[in-house]
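K.L.:
Numbering (the working numbering), first residue to last: 1206 to 1509.
1) Find out if the Cβ-Cβ distance for the pair residue 1322, residue 1428 is shorter than 8 Å.
2) Taking 8 Å as the cut-off, does the segment 1270-1277 touch the segment 1238-1245 (at least 3 CB pairs, one atom from each stretch)?
3) Under the rule that 16 or more other beta-carbon atoms within 10 Å means buried, what is residue 1236, buried or exposed?
4) Whole angstroms is fine: what's the gap from residue 1368's alpha carbon to residue 1222's?
5) Is it buried or exposed, residue 1358, if we count other Cβ atoms within 10 angstroms and call 16 or more buried?
6) If distances are taken between C-alpha atoms only, which option among 1313, 1283, 1315 comes closest to residue 1301?
7) Could you check how far apart the C-beta atoms of residue 1416 and residue 1463 are, in whole angstroms? I think they sit under 8 Å.
8) Assuming residue 1399 contacts residue 1217 (C-beta within less than 8 Å), just tell me the rounded distance between them.
9) Identify, in the order they occur along the chain, each residue of the same chain with its Cβ nearer than 6 Å to the Cβ of residue 1472, setting aside the five sequence neighbours on each side.
10) Within the same chain, show all residues whose beta-carbon is closer than 8 Å to that of residue 1437, passing over the 5 residues directly before and after it, in chain order.
11) Please state if the CB of residue 1264 and the CB of residue 1280 are separated by a distance shorter than 8 Å.
12) The beta strand (DSSP E) spanning residue 1420 covers which residue range?
13) Could you tell me which of 1395, 1410, 1238 sits nearest to residue 1379, measuring between CA atoms?
14) Below 8 Å CB to CB, which residues in the same chain sit around residue 1287 once its five sequence neighbours on both sides are set aside?
15) Is the CB-CB distance between residue 1309 and residue 1246 below 8 Å?
16) Rounding to the nearest angstrom, what Cα-Cα distance links residue 1252 and residue 1383 in this structure?
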């Protein structure tokens, strides 16, 4: 199948962020505070993700939310009272940081009435996205700022007109924790593979590769029809993987980019804590002191 049979040349400028989950792993903290707003040092997880999108040229972000999550929208709104107080105090650095959140992108929202799967959540964005290509960014993962992933994915999707996924290499013993891709070589560039299939959480013996799916997708607008035609699977959920496989069978090209940077997974407490410690250690304003304290703590010489 040649790529010119698909809509090429249009680079996606919209993103959908599914963020309606209950985050039961973080209860009781997430009873009132959305998991996406848990702070990683002094920025919530969701801000890192929107910043990643904005840096890649995404100007339009749709948050697919659920009950009790309106504060996610508030975070990207203006706060004139806070801004005025900071300006009066002469705290221009924090003033710029507060204003920046409302300037990253145009933020829109829609409600996912029931948690019926990732495919269903993405499908909620159909009327907003239309038939345009768009990115999907899961609300609990982000990558290193100085090693971006999304720009290459957007460029590749504009070239092929198909589906572009992101992969990371995992140990064989870890394949049962991820969706794993079966792939073939591609001549489109370094670290780009052609995707021939996806297997959900296979055992090491059954895994077709060690390439695990990251929470980043760039999709053509035709995915919405595929989602609408996808029947619920286990648990009554509509899976995005099933809809993508349907397009693959229909001849839509599917490629993946192997990411060589660090991916922060804040969807589980351990990964969240690792992200906090890693990014705090790298901060110019507190990293040196924090690393010294951390080394003392690990050695057993600090009590707090």
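Just so you know, even glycine gets a beta-carbon here, dropped at the ideal spot from N, CA and C.
What you are looking at is a predicted structure, and each value in this text was computed from that prediction instead of being measured.
P.N.:
Looking at the coordinates:
1) If you number the chain shown from 1, residue 1322 lands on position 117. If you number the chain shown from 1, residue 1428 lands on position 223. Not a contact, by the Cβ cut-off of 8 Å.
2) yes
3) Taking the first residue of the chain shown as 1, we reach residue 1236 at position 31. Classification of residue 1236: exposed, given that the 10 Å Cβ count is below 16.
4) By 1-based counting over the chain shown, the position of residue 1368 is 163. By 1-based counting over the chain shown, the position of residue 1222 is 17. If I take the Cα positions, the gap works out to 17 Å.
5) By one-based count along the chain shown, residue 1358 stands at place 153. So residue 1358 ends up on the buried side.
6) Counted from its first residue, the chain shown places residue 1301 at position 96. Comparing Cα-Cα distances from residue 1301 to each of 1313, 1283, 1315, the minimum goes to 1283.
7) For this step, residue 1416 is matched to residue 211 along the chain shown. For this step, residue 1463 is matched to residue 258 along the chain shown. Contact flag correct, Cβ pair sits at about 7 Å.
8) Counting from 1 along the chain shown, the entry for residue 1399 is found at position 194. Counting from 1 along the chain shown, the entry for residue 1217 is found at position 12. About 20 Å separates the two Cβ atoms, so there is no contact after all.
9) Locating residue 1472 in the chain shown gives position 267, where the first residue counts as 1. Taken in chain order, the residues that qualify are 1345.
10) Locating residue 1437 in the chain shown gives position 232, counting from the first residue. Correct list, in chain order: 1321, 1322, 1443.
11) In the chain shown, counting from the first residue as 1, residue 1280 sits at position 75. In the chain shown, counting from the first residue as 1, residue 1264 sits at position 59. 8 Å or more divides the Cβ of residue 1280 from the Cβ of residue 1264.
12) Residue mapping note: residue 1420 aligns to position 215 of the chain shown, counting from 1. Per DSSP, residue 1420 belongs to the beta strand (DSSP E) from 1416-1424.
13) Residue mapping note: residue 1379 aligns to position 174 of the chain shown, counting from 1. Among 1395, 1410, 1238, the Cα nearest to that of residue 1379 is on 1410.
14) Here the question's residue 1287 lines up with position 82 in the chain shown. Within the same chain, residue 1287 has close Cβ partners 1303.
15) The sequence position of residue 1309 within the chain shown is 104, counting from 1. The sequence position of residue 1246 within the chain shown is 41, counting from 1. No, these two residues do not count as a Cβ contact at 8 Å.
16) Reading the chain shown from its first residue, position 47 is the one you call residue 1252. Reading the chain shown from its first residue, position 178 is the one you call residue 1383. Each residue's alpha carbon lies about 25 Å from the other.
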